[in-house]
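> Can you keep this structure in mind? I'll have questions shortly.
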Amino acid sequence: TTGEDGTIVISLIGARGLKAMDRGGTSDPYARVRIGKNVVAKTKHIKKTLEPQWNERFEVNVNSAKTTVDIKVKDHNTLQDVDIGNVVLDLWENVQPNKSFQGWLPLQPTGTGEVNVSIEFMKK
1 TTGEDGTIVI SLIGARGLKA MDRGGTSDPY ARVRIGKNVV AKTKHIKKTL EPQWNERFEV
61 NVNSAKTTVD IKVKDHNTLQ DVDIGNVVLD LWENVQPNKS FQGWLPLQPT GTGEVNVSIE
121 FMKK
């Protein structure tokens, strides 16, 4: 499915039920968003939680080509950040000028948590 040239507004609201990656039984989670092959957004990391509330909003210019939105939740570490899980959506199957997306999406692999996202499209 293809869309239109314009801007998408991605709100990374939060996550729940995240898998603990640190020894203390928590994680320091943040989310990063890739559209196609490009990383377009990254939230701040929130220390020692499995239910982060980011409430961060990003605007990204897009063209009409078929593309995916890849939302990955990672655990921030001093040495190397570790993947917790991710979800990939077909952008134009979920978002159109008259149709936005909002909701909880399960991360893969199964059991690593869910992320709460809203994505809307604004014409140029």
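Using the UniProt record's numbering, the letters of the sequence shown map in sequence onto residues 1 to 124.
In this text, a Cβ means the ideal position worked out from N, Cα and C, and glycines have one as well.
Is Leu18 helix, strand or coil by DSSP?
coil
> Measure the C-alpha to C-alpha separation of residue 128 and Asp28 and round it to an integer number of angstroms.
Residue 128 lies beyond the stretch modelled for the chain, which goes from 1 to 124, so this question has no answer here.
> According to DSSP, is Asn86 part of a helix, a strand, or is it coil?
Three-state result, Asn86: strand.
> According to DSSP, which residues form a beta bridge with Ala31?
Val73
> Among Tyr30, Gln53, Pro109 and Gln80, which one has its Cα closest to the Cα of Lys42?
Each of Tyr30, Gln53, Pro109 and Gln80 was checked against the Cα of Lys42, and the nearest Cα belongs to Tyr30.
> Going by DSSP in three states, Glu59 sits in which element: helix, strand or coil?
strand
> Please list the terminal residues of the continuous alpha helix (DSSP H) segment that includes Glu93.
Leu91 to Asn94
> Considering Cα atoms alone, identify which of Ile35, Leu107 and Gln102 is closest to Asn61.
Ile35
> Quick test of your reading: Val73 and Val115, contact by CB under 8 angstroms. State the CB separation rounded to the nearest angstrom.
6 angstroms
> Count the other CB atoms, across all protein chains shown, that sit within 10 Å of the CB of Asp75; report buried if there are 16 or more and exposed otherwise.
buried
> Assign Pro52 to buried or exposed, taking buried as 16 or more other Cβ atoms, counted over all protein chains shown, within 10 Å of its Cβ.
buried
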